[in-house]
Structures are given as structure tokens and as C-alpha cells.
Amino acid sequence: MKKLFMLSLAAVLHLPLFAAKQVDRNPPPLKVLAIGNSFSEDAVEQYLFELAAAAGREIIIGNLYIGGAPIHFHVDNIKENKHPYSYRKIESMYVKTVTQNVTLAQGIADEDWDYISVQQVSPDSGRYDVIMKHLPQLLAYIREQAPNAKIVYHQTWAYQHDSTHGGFANYDRSQEKMYNAIIETTRKISELKDIHFIIPCGTAVQNARTSSLGDTLTKDGYHLEMTYGRFIAACTWYEKLLGLDVRKNPYKPDSITELQSSIAKEAAYKAVKTPFKVSKIKK
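To convert, note that position 190 of the sequence shown is 184 in the numbering used here; the numbers rise steadily by one, no gaps.
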């Protein structure tokens, strides 16, 4: 009887440890907030939730959106307590809520975010000196408002070679010059103490341009094409944020082919491995 009692007690004492192991298999939702513009819309509002779900991971995605917003807009909004943001939030499959006239503080306070991303408007995405005029102020504010969040920087992409965007003149209307400027800029930003890491969408897009898809990844010369273009960006965020090999993720949007999906995943995977250098995609 005494031996049986001791065995029962041992089993009870081991229950919390076993329970803890069980809980670890179901991690809490990953919470990601983008402070951005149409380029963050391209990256996080389509396909990222589905990729995470296919891997059995819960994710909450927020996007504090102002079209064409440079970093200094966000700093001005902080100083003047403005509320110009369209706050888009995705918490379940195919459901996005949109709340207008939100402040930056309200969006940051809405969740206990794991990651908060920042980015520069595309014409200035490769201009380090312009970015650094206001980025430190924005980072300091985020750190104050969300001390537990990891701040990451969204590396955006160079324009299509024939883009008519006025900002292309900053790079002599050369895709190569624009990409190289973005790379050098984000390499420096990655070394800032408040930046946890870079999400290398710019390199993922450039990788995909070496594939059979060619330079067809935008819908207007600068915004990503709505199907395989956006899927490349979503795959990059997935790979970097979750630390999972996106090539092994079974999700594929119905709107793209198996080849397009394979190229997107390979481009993202290689970008995360080497974020500041183009890797050729032989597909």
C-alpha cells in the first residue's frame, strides 16, 4: 500500500511538468503590427495569415496604414496627437476589420505586440540620411509605448525597370541603383540597437526577378502584383517572423500556379538566408 501511495504521489508531482509540455505545443498567437503604407498593405494584409494557419500557428496582424506615408509623417502624428490611420486587423481567416481615424498610440496599445515593423516611403527607401532624420524619434516612441515588442524594419523593393513613379528619379530611373541603395541603407539600419532584424522583402522580390517570372512582379511599376507578387512578400514575413522554412509550407493561393508558388517560396527563403545579396532562382 505504501509503495502504491508513493507511486501515486510521484505521478501527481509530475503532472504540472507534463501539462507544461502540452501547453508548449500550442504557443500563444504571434502578434505583429506594421506601421506603414501601401507597401505594408502589400506585404501583410494578404496571404500571411493563411501561411501561418497552414503551419498550425495562430497570428494576429495589424497594419496602421496611411497611403504614401514617410517616417516623418508618423513622428508628426505623435507630436500633434493626430489620428489619420486606417487600422486594419486580421484575427481570423478571410476576415479583416478596418477602423478609421486611429492614432498611433491607439494601434500600439490595442495588443501586446510581439513585433512592430517600421518602414520608409518607397521614393526614399534607399536614402539613409533622409530616413535617419526621423527614424530615431519613431523608434524611441515605440520603445516607450511597447517596451516588450521587438522592433523590425521592413526592407521594401525596388521599382520595376519601366516604372513611371516620380520617385524613381532619385535612383536615375535604374532598378539596380535603387535596389543597391535599399540594400546599403537597410544594412546600416540593421545595426541600430533598437532594430531586432530586417524583413528582406526587397531582396526576395529581386530574387524572384531572376526567375522565369522576370520583372513582372508589380501591378503599376511599384505596388506588388496582387497574386504571386504579394505572395512573395507574405512568404518573406512568414519565413523571418516564424523561423520556419516556407518551402515546406503547403499553402498556395488558388490564384497562382504551382510554379509561381514555388518561385515565391524559394525567393523568400533565399532572401532570409542572404538578405543583402541577390540569389538566382533557376525556375
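Backbone N, C-alpha and C fix where the C-beta goes; we use that ideal spot for every residue, glycine too.
- Looking at the DSSP output, Thr268 bridges to nothing.
- Note that the segment 110 to 117 does not touch the segment 74 to 82; fewer than 3 beta-carbon pairs, one per stretch, sit closer than 8 Å.
- Burial state of Leu253 is exposed, judged by a 10 Å Cβ sphere holding fewer than 16 other Cβ atoms.
- Counting C-beta pairs with one atom in each stretch, the segment 136 to 145 and the segment 38 to 57 have fewer than three that are closer than 8 Å, which means they do not touch.
- A Cβ-Cβ contact shorter than 8 Å links Ser273 with Asn201.
- Between Lys277 and Ser256 a beta carbon distance of about 6 Å is seen, short of the 8 Å cut, so the two are scored as contacting.
- Burial check for Ala103: the Cβ neighbour count within 10 Å stays below 16, so the residue is exposed.
- Shortest Cα-Cα distance from Ile84 to any of Thr197, Asn57, Val69 and Thr97 involves Asn57.
- With a threshold of 16 other beta carbon atoms within 10 Å, Ala134 falls short and is exposed.
- Between the segment 175 to 192 and the segment 120 to 130, the count of Cβ pairs shorter than 8 Å is three or higher; the stretches touch.
- Classified as buried, Lys259 has 16 or more neighbouring CB atoms from the shown chains inside 10 Å of its CB.
- Under the three-pair Cβ rule at 8 Å, the segment 162 to 170 does not count as touching the segment 222 to 241.
- The beta-bridge partner set that DSSP reports for Gly56 consists of Leu27 and Lys83.
- Only exposed fits Glu185, as fewer than 16 other CB atoms lie within 10 angstroms of its CB.
- According to the DSSP secondary-structure assignment, Ile125 is paired through a beta bridge with no residue.
- Taking C-beta atoms as the reference points, Asn31 and Ile60 count as a pair closer than 8 Å.
- When the beta-carbon positions are compared, Phe270 and Arg181 come within less than 8 Å of each other.
- Ranked by Cα distance from Pro130, the first of Gln149, Asp188 and Ala261 is Asp188.
- In this structure, Ala46 sits near Leu236, with a CB-CB distance shorter than 8 Å.
- Taken through DSSP and simplified to helix, strand or coil, Ile192 comes out as strand.
- Its Cα nearest to that of Lys213, the residue Asp36 stands out among Lys267, Phe67 and Asp36.
- For secondary structure counted as the alpha helix (DSSP H) over 4 or more consecutive residues, the segment 171 to 228 holds these complete runs in sequence order: 195 to 203.
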